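Asks:
Residue numbers (this note's numbering): 21 to 143.
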């Protein structure tokens with residue numbers, strides 16, 4: 021079940037943006053929503069989902085720059101999802117795995133901001 025619907029235009033094309041495009045997948049709806057809200061001003065949250073299977077489909081169709089995945093989700097967890105993505109040609113440049121130990125929202129946001137700045141300078 022999505023906590024934020026993927027954003028695609030009527031033509032089926034995602035508009036060009038300078039912000040990093042992020043998919044978030046975490047079965048904890050409160051965390052998923054809070055993390056998406058925290059990041060939405062600095063990053064383009066293209067989907068925030070509470071299901072690993074839906075996250076896989078969103079990543080395949082939306083092609084985000086970053087996927088933030090919970091390690092433990094029912095059905096398809098972050099580890100299984102990462103293994104599947106590893107075999108695909110259009111996978112995110114960065115996959116960040118979350119566990120109960122990495123639920124510090126501001127620290128995660130700072131990590132994403134540092135990565136975004138370094139990737140802009142290396143382009």
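Cβ coordinates follow ideal geometry from the N, Cα and C atoms, glycine included.
Computed from a predicted structure; not experimentally measured.
1) Beta-carbon within less than 6 Å of residue 41's beta-carbon, same chain only, minus the 5 sequence neighbours each way: which residues are those?
2) Excluding sequence positions up to five away, which residues of its chain have a Cβ less than 7 Å from the Cβ of residue 104?
3) Can you give the Cα-Cα distance for residue 118 and residue 72, rounded to whole angstroms?
4) Note the first and the last residue of the continuous beta strand (DSSP E) segment covering residue 45.
5) Using a threshold of 8 Å, state whether the C-beta atoms of residue 50 and residue 90 are closer than that.
6) So what does DSSP say about residue 89, is it helix, strand or coil?
7) Assign residue 112 to buried or exposed, taking buried as 16 or more other Cβ atoms, counted over all protein chains shown, within 10 Å of its Cβ.
8) Counting only the same chain and skipping the five closest in sequence on each side, list residues whose C-beta sits under 6 Å from that of residue 114.
9) Compute the Euclidean distance between the alpha carbons of residue 92 and residue 79, then round it to the nearest angstrom.
10) By the 10 Å Cβ neighbour count, where 16 or more other Cβ atoms means buried, how is residue 95 classified, buried or exposed?
11) How many whole angstroms separate the CB atoms of residue 70 and residue 47, which I take to be in contact at a CB cut-off of 8 Å?
Replies: Let me spell this out:
1) Along the chain shown, one-based indexing puts residue 41 at 21. 64, 66, 84, 85.
2) Looking up residue 104 in the chain shown gives position 84. The answer, listed in chain order, is 76.
3) Here residue 118 is taken as the residue at index 98 of the chain shown, counted from 1. Here residue 72 is taken as the residue at index 52 of the chain shown, counted from 1. Taking C-alpha positions only, residue 118 is separated from residue 72 by approximately 13 Å.
4) Here residue 45 is taken as the residue at index 25 of the chain shown, counted from 1. Looking at the DSSP string, the run of the beta strand (DSSP E) that includes residue 45 is 41-45.
5) For this step, residue 50 is matched to residue 30 along the chain shown. For this step, residue 90 is matched to residue 70 along the chain shown. Going by C-beta atoms, residue 50 is not nearer than 8 Å to residue 90.
6) Reading the chain shown from its first residue, position 69 is the one you call residue 89. Here residue 89 sits in strand by DSSP.
7) Walking along the chain shown from the start, residue 112 turns up at place 92. Classification of residue 112: buried, given that the 10 Å Cβ count is 16 or more.
8) On the chain shown, position 94 is the one that residue 114 refers to. Taken in chain order, the residues that qualify are 86.
9) On the chain shown, position 72 is the one that residue 92 refers to. On the chain shown, position 59 is the one that residue 79 refers to. Taken atom to atom, the span from the alpha-carbon of residue 92 to that of residue 79 is near 18 Å.
10) One-based indexing of the chain shown puts residue 95 at position 75. Exposed, since its Cβ has fewer than 16 Cβ neighbours within 10 Å.
11) Working through the chain shown from its first residue, we reach residue 70 at position 50. Working through the chain shown from its first residue, we reach residue 47 at position 27. About 5 Å; that satisfies the 8 Å criterion.
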